[in-house]
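Residue numbers (the numbering used here): 3 to 366. Built from N, CA and C at the ideal position, the CB exists for glycine as well.
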Amino acid sequence: MGDLSDYRNHIDSIDRELVELFEERMELALKVANFKKENGIEVLNRTREQEVIDQTLSLVKNPKFYSSTSRFFEYIMKLSRELQSEYLVEVGDKIGFQGVSGSNGEQALFEYFGEDVNTLAVKNFEDIFIELKNGNIKYGVLPIENSSTGGISEVYDLLNKYDFHIIGEISIKIDHFLMGIKGANISDIQEIYSHPQGFAQCGDFLKYHPNWKLIPYDNTANSAKLVQEKNEKSIAVIASEKVAKIYNLDILESYINSNKNNITRFAIIGKELSTSLENDKVSVVLSSEHKAGSLYKVLQWFAENNINLSKIESRPLKSRPWEYFFYIDFDGNLNDPKLKTALEQISNSCHYFKVLGNYKSFHE
(Lines of atoms letter the chains of each structure in order from A and count residues from 1; the text may use other names and numbers.)
(Lines give C-alpha, C1' and ligand atoms only; values in the text may rest on other atoms or scores of the structure.)
Protein backbone atom coordinates (compact mmCIF):
# COMPACT_ATOMS: atom_id res chain seq x y z
CA MET A 1 0.00 0.00 0.00
CA GLY A 2 1.39 3.41 -0.96
CA ASP A 3 1.46 6.49 1.23
CA LEU A 4 -0.52 9.73 0.74
CA SER A 5 2.22 11.41 -1.31
CA ASP A 6 2.27 8.47 -3.74
CA TYR A 7 -1.49 8.76 -4.25
CA ARG A 8 -1.24 12.50 -4.76
CA ASN A 9 1.61 12.16 -7.25
CA HIS A 10 -0.42 9.61 -9.20
CA ILE A 11 -3.44 11.94 -9.19
CA ASP A 12 -1.24 14.82 -10.38
CA SER A 13 0.01 12.67 -13.24
CA ILE A 14 -3.56 11.76 -14.25
CA ASP A 15 -4.60 15.42 -14.02
CA ARG A 16 -1.84 16.40 -16.44
CA GLU A 17 -3.13 13.82 -18.91
CA LEU A 18 -6.69 15.04 -18.36
CA VAL A 19 -5.69 18.62 -19.16
CA GLU A 20 -4.02 17.56 -22.41
CA LEU A 21 -7.02 15.45 -23.42
CA PHE A 22 -9.45 18.20 -22.42
CA GLU A 23 -7.62 20.77 -24.56
CA GLU A 24 -7.59 18.32 -27.47
CA ARG A 25 -11.33 17.73 -27.06
CA MET A 26 -12.11 21.46 -26.95
CA GLU A 27 -10.02 22.06 -30.08
CA LEU A 28 -12.14 19.43 -31.82
CA ALA A 29 -15.27 21.15 -30.48
CA LEU A 30 -14.12 24.33 -32.25
CA LYS A 31 -13.73 22.40 -35.50
CA VAL A 32 -17.27 21.10 -35.04
CA ALA A 33 -18.39 24.70 -34.45
CA ASN A 34 -16.74 25.78 -37.70
CA PHE A 35 -18.55 22.99 -39.58
CA LYS A 36 -21.86 24.01 -37.99
CA LYS A 37 -21.25 27.64 -38.92
CA GLU A 38 -20.51 26.79 -42.57
CA ASN A 39 -23.58 24.54 -42.80
CA GLY A 40 -26.07 26.59 -40.77
CA ILE A 41 -26.42 23.96 -38.04
CA GLU A 42 -27.57 24.94 -34.54
CA VAL A 43 -25.26 24.37 -31.58
CA LEU A 44 -27.67 22.42 -29.39
CA ASN A 45 -28.19 18.76 -30.33
CA ARG A 46 -29.69 16.93 -27.35
CA THR A 47 -29.81 13.60 -29.19
CA ARG A 48 -26.08 13.69 -29.93
CA GLU A 49 -25.26 14.74 -26.36
CA GLN A 50 -27.27 11.86 -24.94
CA GLU A 51 -25.56 9.43 -27.33
CA VAL A 52 -22.16 10.60 -26.04
CA ILE A 53 -23.20 10.18 -22.41
CA ASP A 54 -24.72 6.72 -23.03
CA GLN A 55 -21.59 5.65 -24.88
CA THR A 56 -19.27 6.77 -22.08
CA LEU A 57 -21.41 5.12 -19.40
CA SER A 58 -21.11 1.81 -21.25
CA LEU A 59 -17.35 2.02 -20.68
CA VAL A 60 -17.59 2.48 -16.90
CA LYS A 61 -16.35 -0.64 -15.09
CA ASN A 62 -17.29 0.28 -11.52
CA PRO A 63 -21.06 0.86 -11.05
CA LYS A 64 -20.27 3.24 -8.16
CA PHE A 65 -19.08 5.78 -10.71
CA TYR A 66 -22.09 5.74 -13.10
CA SER A 67 -23.74 8.83 -11.63
CA SER A 68 -20.55 10.87 -11.27
CA THR A 69 -19.40 9.90 -14.78
CA SER A 70 -22.74 11.01 -16.19
CA ARG A 71 -22.49 14.40 -14.42
CA PHE A 72 -18.86 14.77 -15.49
CA PHE A 73 -19.67 14.33 -19.17
CA GLU A 74 -22.83 16.42 -18.96
CA TYR A 75 -20.62 19.28 -17.73
CA ILE A 76 -18.05 18.67 -20.46
CA MET A 77 -20.84 18.78 -23.05
CA LYS A 78 -22.06 22.04 -21.52
CA LEU A 79 -18.56 23.55 -21.77
CA SER A 80 -18.26 22.42 -25.40
CA ARG A 81 -21.65 23.90 -26.21
CA GLU A 82 -20.72 27.22 -24.62
CA LEU A 83 -17.42 27.30 -26.52
CA GLN A 84 -19.21 26.62 -29.80
CA SER A 85 -21.77 29.31 -29.03
CA GLU A 86 -19.01 31.84 -28.40
CA TYR A 87 -17.48 30.92 -31.76
CA LEU A 88 -20.75 31.05 -33.69
CA VAL A 89 -21.89 34.27 -32.05
CA GLU A 90 -19.12 36.63 -33.09
CA VAL A 91 -17.45 39.01 -30.68
CA GLY A 92 -19.73 41.97 -30.01
CA ASP A 93 -22.86 40.13 -31.13
CA LYS A 94 -25.67 40.10 -28.62
CA ILE A 95 -28.62 37.82 -27.99
CA GLY A 96 -31.85 39.52 -26.93
CA PHE A 97 -34.46 38.38 -24.44
CA GLN A 98 -37.48 39.99 -22.81
CA GLY A 99 -37.31 40.72 -19.09
CA VAL A 100 -34.54 41.16 -16.54
CA SER A 101 -31.99 38.96 -14.79
CA GLY A 102 -33.63 35.76 -13.60
CA SER A 103 -36.38 35.73 -16.23
CA ASN A 104 -37.40 32.54 -18.00
CA GLY A 105 -36.33 34.10 -21.29
CA GLU A 106 -32.81 34.56 -19.94
CA GLN A 107 -32.77 30.93 -18.74
CA ALA A 108 -33.85 29.70 -22.19
CA LEU A 109 -31.17 31.88 -23.80
CA PHE A 110 -28.44 30.46 -21.55
CA GLU A 111 -29.55 26.87 -22.12
CA TYR A 112 -29.50 27.33 -25.89
CA PHE A 113 -26.42 29.53 -26.38
CA GLY A 114 -24.48 29.00 -23.13
CA GLU A 115 -23.87 31.50 -20.35
CA ASP A 116 -20.82 33.25 -21.78
CA VAL A 117 -22.60 35.18 -24.54
CA ASN A 118 -23.41 38.88 -24.58
CA THR A 119 -27.08 39.54 -23.86
CA LEU A 120 -29.49 42.42 -24.23
CA ALA A 121 -32.56 42.57 -21.98
CA VAL A 122 -35.57 44.42 -23.40
CA LYS A 123 -38.90 45.44 -21.91
CA ASN A 124 -41.41 44.14 -24.47
CA PHE A 125 -41.64 41.27 -26.95
CA GLU A 126 -41.72 43.66 -29.90
CA ASP A 127 -38.49 45.26 -28.70
CA ILE A 128 -36.74 42.01 -29.66
CA PHE A 129 -37.87 42.45 -33.26
CA ILE A 130 -36.96 46.14 -33.27
CA GLU A 131 -33.45 45.48 -31.92
CA LEU A 132 -32.97 42.71 -34.48
CA LYS A 133 -34.16 45.01 -37.27
CA ASN A 134 -31.75 47.74 -36.12
CA GLY A 135 -28.83 45.32 -36.00
CA ASN A 136 -28.32 45.60 -32.24
CA ILE A 137 -28.74 41.86 -31.67
CA LYS A 138 -27.96 38.83 -33.82
CA TYR A 139 -30.68 36.58 -32.41
CA GLY A 140 -33.69 36.92 -30.16
CA VAL A 141 -35.27 34.47 -27.73
CA LEU A 142 -39.06 34.59 -27.31
CA PRO A 143 -41.67 32.38 -25.60
CA ILE A 144 -44.04 30.99 -28.21
CA GLU A 145 -46.09 28.31 -26.47
CA ASN A 146 -46.90 27.01 -22.99
CA SER A 147 -48.12 23.51 -22.23
CA SER A 148 -50.74 24.86 -19.80
CA THR A 149 -52.07 27.98 -21.52
CA GLY A 150 -51.27 27.43 -25.21
CA GLY A 151 -49.72 29.79 -27.74
CA ILE A 152 -48.38 33.24 -26.86
CA SER A 153 -50.63 35.22 -29.20
CA GLU A 154 -48.58 38.43 -29.19
CA VAL A 155 -45.46 36.59 -30.32
CA TYR A 156 -47.33 34.82 -33.13
CA ASP A 157 -48.64 38.18 -34.36
CA LEU A 158 -45.14 39.66 -34.28
CA LEU A 159 -43.66 36.73 -36.21
CA ASN A 160 -46.13 37.50 -38.97
CA LYS A 161 -45.61 41.26 -38.79
CA TYR A 162 -41.81 41.18 -39.19
CA ASP A 163 -39.77 39.43 -41.88
CA PHE A 164 -37.55 37.39 -39.59
CA HIS A 165 -37.28 33.63 -39.18
CA ILE A 166 -37.33 30.99 -36.49
CA ILE A 167 -33.89 29.32 -36.58
CA GLY A 168 -34.20 27.14 -33.48
CA GLU A 169 -36.27 26.25 -30.45
CA ILE A 170 -35.81 25.13 -26.86
CA SER A 171 -38.26 24.08 -24.15
CA ILE A 172 -37.79 24.58 -20.42
CA LYS A 173 -39.79 23.45 -17.39
CA ILE A 174 -41.21 26.35 -15.41
CA ASP A 175 -42.41 26.13 -11.82
CA HIS A 176 -44.02 29.09 -10.10
CA PHE A 177 -43.49 30.27 -6.53
CA LEU A 178 -45.24 32.88 -4.42
CA MET A 179 -42.71 35.34 -2.95
CA GLY A 180 -42.71 38.44 -0.79
CA ILE A 181 -40.20 40.68 0.93
CA LYS A 182 -38.27 39.44 3.95
CA GLY A 183 -40.58 38.92 6.91
CA ALA A 184 -43.80 38.83 4.88
CA ASN A 185 -46.48 36.18 5.44
CA ILE A 186 -49.31 34.95 3.23
CA SER A 187 -51.76 36.60 5.64
CA ASP A 188 -50.19 40.00 4.79
CA ILE A 189 -50.83 39.75 1.06
CA GLN A 190 -53.28 42.06 -0.67
CA GLU A 191 -51.76 42.46 -4.14
CA ILE A 192 -49.94 40.06 -6.48
CA TYR A 193 -47.76 41.07 -9.43
CA SER A 194 -46.91 38.71 -12.29
CA HIS A 195 -47.09 38.26 -16.04
CA PRO A 196 -50.62 37.31 -17.23
CA GLN A 197 -49.24 33.90 -18.17
CA GLY A 198 -48.05 33.46 -14.59
CA PHE A 199 -51.55 34.14 -13.27
CA ALA A 200 -53.12 31.82 -15.85
CA GLN A 201 -50.73 28.99 -15.03
CA CYS A 202 -51.51 29.27 -11.29
CA GLY A 203 -55.29 29.54 -11.57
CA ASP A 204 -56.09 26.65 -9.22
CA PHE A 205 -53.98 28.13 -6.41
CA LEU A 206 -55.35 31.65 -6.88
CA LYS A 207 -58.96 30.42 -6.64
CA TYR A 208 -58.35 29.87 -2.93
CA HIS A 209 -57.42 33.56 -2.50
CA PRO A 210 -60.25 35.49 -4.22
CA ASN A 211 -59.58 38.70 -2.28
CA TRP A 212 -56.10 39.18 -3.65
CA LYS A 213 -55.78 41.86 -6.32
CA LEU A 214 -53.96 40.48 -9.36
CA ILE A 215 -51.90 43.12 -11.15
CA PRO A 216 -50.52 42.10 -14.58
CA TYR A 217 -46.93 43.10 -15.29
CA ASP A 218 -44.66 42.69 -18.31
CA ASN A 219 -42.51 39.88 -16.93
CA THR A 220 -42.37 37.60 -13.88
CA ALA A 221 -38.77 38.54 -13.04
CA ASN A 222 -39.58 42.24 -13.53
CA SER A 223 -42.48 41.72 -11.13
CA ALA A 224 -40.07 40.35 -8.52
CA LYS A 225 -37.80 43.34 -8.98
CA LEU A 226 -40.78 45.68 -8.52
CA VAL A 227 -41.86 43.92 -5.31
CA GLN A 228 -38.34 44.28 -3.96
CA GLU A 229 -38.34 48.00 -4.78
CA LYS A 230 -41.78 48.63 -3.23
CA ASN A 231 -40.66 46.83 -0.06
CA GLU A 232 -44.19 46.32 1.30
CA LYS A 233 -45.37 43.16 3.07
CA SER A 234 -48.80 43.42 1.45
CA ILE A 235 -47.34 42.96 -2.05
CA ALA A 236 -46.17 39.62 -3.45
CA VAL A 237 -45.09 38.13 -6.77
CA ILE A 238 -45.55 34.92 -8.72
CA ALA A 239 -42.28 33.99 -10.41
CA SER A 240 -39.66 31.24 -10.68
CA GLU A 241 -37.63 30.15 -7.66
CA LYS A 242 -34.32 31.59 -8.86
CA VAL A 243 -35.50 35.20 -8.64
CA ALA A 244 -35.96 34.88 -4.86
CA LYS A 245 -32.20 34.88 -4.41
CA ILE A 246 -31.58 37.54 -7.06
CA TYR A 247 -34.06 40.00 -5.52
CA ASN A 248 -33.71 38.94 -1.86
CA LEU A 249 -37.29 37.69 -1.46
CA ASP A 250 -38.81 35.05 0.81
CA ILE A 251 -40.64 32.08 -0.71
CA LEU A 252 -44.12 31.98 0.82
CA GLU A 253 -45.55 29.06 -1.18
CA SER A 254 -43.81 26.63 -3.53
CA TYR A 255 -44.85 24.98 -6.81
CA ILE A 256 -48.17 26.76 -7.15
CA ASN A 257 -48.57 26.14 -10.90
CA SER A 258 -51.64 24.05 -11.70
CA ASN A 259 -49.82 21.83 -14.20
CA LYS A 260 -46.83 20.23 -12.48
CA ASN A 261 -45.30 19.54 -15.89
CA ASN A 262 -45.48 23.17 -16.98
CA ILE A 263 -43.31 23.59 -20.10
CA THR A 264 -42.68 26.73 -22.16
CA ARG A 265 -41.33 26.49 -25.70
CA PHE A 266 -39.08 29.34 -26.81
CA ALA A 267 -38.32 30.29 -30.41
CA ILE A 268 -34.89 31.55 -31.47
CA ILE A 269 -35.31 34.15 -34.21
CA GLY A 270 -32.81 35.59 -36.67
CA LYS A 271 -32.72 37.53 -39.92
CA GLU A 272 -31.89 34.64 -42.24
CA LEU A 273 -33.83 31.48 -43.05
CA SER A 274 -31.82 28.44 -41.92
CA THR A 275 -31.01 25.97 -44.72
CA SER A 276 -29.34 23.28 -42.62
CA LEU A 277 -29.89 19.69 -43.73
CA GLU A 278 -30.41 18.81 -40.05
CA ASN A 279 -33.59 20.88 -39.84
CA ASP A 280 -36.67 18.72 -39.31
CA LYS A 281 -39.44 21.17 -38.43
CA VAL A 282 -41.15 23.89 -40.50
CA SER A 283 -43.35 26.75 -39.30
CA VAL A 284 -45.65 28.64 -41.67
CA VAL A 285 -48.52 31.11 -41.43
CA LEU A 286 -51.36 31.14 -43.93
CA SER A 287 -54.90 32.31 -44.52
CA SER A 288 -57.47 30.71 -46.78
CA GLU A 289 -60.34 32.24 -48.70
CA HIS A 290 -63.34 33.17 -46.57
CA LYS A 291 -65.72 30.59 -47.95
CA ALA A 292 -66.97 27.11 -47.12
CA GLY A 293 -64.41 24.32 -47.49
CA SER A 294 -61.41 26.55 -48.24
CA LEU A 295 -59.43 25.64 -45.09
CA TYR A 296 -60.31 21.98 -45.58
CA LYS A 297 -58.80 22.10 -49.07
CA VAL A 298 -55.58 23.62 -47.73
CA LEU A 299 -55.25 20.99 -45.01
CA GLN A 300 -56.06 18.30 -47.55
CA TRP A 301 -52.86 19.20 -49.42
CA PHE A 302 -50.87 18.40 -46.26
CA ALA A 303 -52.62 15.03 -45.92
CA GLU A 304 -52.21 14.09 -49.58
CA ASN A 305 -48.49 14.84 -49.39
CA ASN A 306 -48.12 12.82 -46.18
CA ILE A 307 -46.96 15.86 -44.17
CA ASN A 308 -47.32 15.37 -40.42
CA LEU A 309 -48.79 18.44 -38.69
CA SER A 310 -47.69 18.99 -35.08
CA LYS A 311 -49.54 22.23 -34.32
CA ILE A 312 -52.24 24.56 -35.64
CA GLU A 313 -52.84 27.94 -33.98
CA SER A 314 -55.40 30.47 -35.21
CA ARG A 315 -55.17 34.25 -34.85
CA PRO A 316 -57.73 36.81 -36.11
CA LEU A 317 -57.04 39.02 -39.12
CA LYS A 318 -57.51 42.41 -37.49
CA SER A 319 -58.38 44.09 -40.78
CA ARG A 320 -61.09 41.53 -41.66
CA PRO A 321 -63.43 40.48 -38.83
CA TRP A 322 -64.11 36.73 -38.48
CA GLU A 323 -61.23 35.78 -40.76
CA TYR A 324 -58.09 34.13 -39.43
CA PHE A 325 -54.40 33.48 -39.87
CA PHE A 326 -53.40 29.87 -39.22
CA TYR A 327 -49.96 29.16 -37.79
CA ILE A 328 -48.93 25.61 -38.63
CA ASP A 329 -45.92 23.53 -37.55
CA PHE A 330 -45.08 20.34 -39.43
CA ASP A 331 -42.27 17.85 -40.00
CA GLY A 332 -39.89 18.44 -42.88
CA ASN A 333 -36.82 20.06 -44.39
CA LEU A 334 -37.13 22.79 -47.01
CA ASN A 335 -34.29 21.21 -49.01
CA ASP A 336 -36.54 18.22 -49.73
CA PRO A 337 -37.80 18.54 -53.36
CA LYS A 338 -41.05 16.74 -52.52
CA LEU A 339 -41.76 19.17 -49.70
CA LYS A 340 -40.94 22.14 -51.93
CA THR A 341 -43.47 20.93 -54.50
CA ALA A 342 -46.08 20.33 -51.80
CA LEU A 343 -45.60 23.82 -50.34
CA GLU A 344 -46.00 25.37 -53.79
CA GLN A 345 -49.35 23.58 -54.10
CA ILE A 346 -50.38 24.70 -50.62
CA SER A 347 -49.26 28.28 -51.24
CA ASN A 348 -51.24 28.44 -54.50
CA SER A 349 -54.40 27.38 -52.67
CA CYS A 350 -54.00 30.04 -49.96
CA HIS A 351 -55.00 33.69 -49.86
CA TYR A 352 -51.78 34.36 -47.88
CA PHE A 353 -48.75 32.13 -47.21
CA LYS A 354 -45.45 32.79 -45.44
CA VAL A 355 -42.63 30.51 -44.23
CA LEU A 356 -41.66 31.48 -40.68
CA GLY A 357 -38.74 29.11 -40.35
CA ASN A 358 -37.11 25.71 -40.78
CA TYR A 359 -35.18 24.47 -37.79
CA LYS A 360 -34.15 21.54 -35.62
CA SER A 361 -36.94 20.43 -33.30
CA PHE A 362 -36.11 20.30 -29.60
CA HIS A 363 -35.99 16.95 -27.82
CA GLU A 364 -35.07 16.36 -24.19
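Going by DSSP in three states, residue 229 sits in which element: helix, strand or coil? Residue numbering aside, residue 229 sits at position 227 when the sequence shown is read from its first letter. Helix.
If you drop the 5 nearest sequence neighbours on each side, which residues of the same chain put their C-beta closer than 7 Å to that of residue 227? The residue labelled residue 227 in the question sits at position 225 within the sequence shown. Excluding positions up to five away in sequence, the list reads 102, 249.
Just checking, does the stretch 274 to 286 make contact with the stretch 330 to 341 on the three C-beta pairs under 8 Å criterion? Contact between the stretch 274 to 286 and the stretch 330 to 341 is present, because at least three Cβ pairs lie under 8 Å.
Looking at C-beta atoms only, is the number of pairs between the stretch 100 to 117 and the stretch 50 to 57 that lie closer than 8 Å three or more? Short answer: they don't touch.
Within this structure, are the beta carbons of residue 266 and residue 168 separated by less than 8 Å? Indexing the sequence shown from 1 puts residue 266 at position 264. Indexing the sequence shown from 1 puts residue 168 at position 166. Going by C-beta atoms, residue 266 is not nearer than 8 Å to residue 168.
Along the beta strand (DSSP E) that carries residue 100, what are the first and last residues, could you check? Within the sequence shown, numbered from 1, the residue matching residue 100 stands at position 98. DSSP places residue 100 in the uninterrupted beta strand (DSSP E) bounded by 96 to 100.
Could you tell me which of 363, 306, 290 sits nearest to residue 329, measuring between CA atoms? For the purposes of this step, residue 329 is taken as residue 327 along the sequence shown, with counting starting at 1. The closest CA to that of residue 329, considering only 363, 306, 290, is found on 290.
Secondary structure of residue 353, DSSP reduced to three states: Counting from one through the sequence shown, the residue named residue 353 turns up at place 351. Three-state result, residue 353: coil.
Given 8 Å, three or more beta-carbon pairs between the stretch 145 to 164 and the stretch 308 to 319: Remark: three or more beta-carbon pairs, one from each stretch, lie closer than 8 Å, so the stretch 145 to 164 and the stretch 308 to 319 are flagged as touching.
Under 8 Å between the Cβ atoms of residue 308 and residue 149? Here residue 308 refers to the residue found at position 306 when the sequence shown is read from its first residue. Here residue 149 refers to the residue found at position 147 when the sequence shown is read from its first residue. In this structure, residue 149 does not lie closer than 8 Å to residue 308 by Cβ.
Measure the alpha-carbon distance for residue 182 versus residue 325 and round it to whole angstroms. Counting from one through the sequence shown, the residue named residue 182 turns up at place 180. Counting from one through the sequence shown, the residue named residue 325 turns up at place 323. If you draw a straight line from the Cα of residue 182 to the Cα of residue 325, it comes to about 44 Å.
Threshold first: 3 residues or longer. Then list the beta strand (DSSP E) segments lying entirely within the stretch 249 to 297, N to C. Segments of the beta strand (DSSP E) lying fully in the stretch 249 to 297: 252 to 255, 265 to 272, 283 to 289.
What do you get for residue 362, buried or exposed, if any count of 16 or more other CB atoms within 10 angstroms of its CB means buried? Residue mapping note: residue 362 aligns to position 360 of the sequence shown, counting from 1. Residue 362 should be labelled buried.
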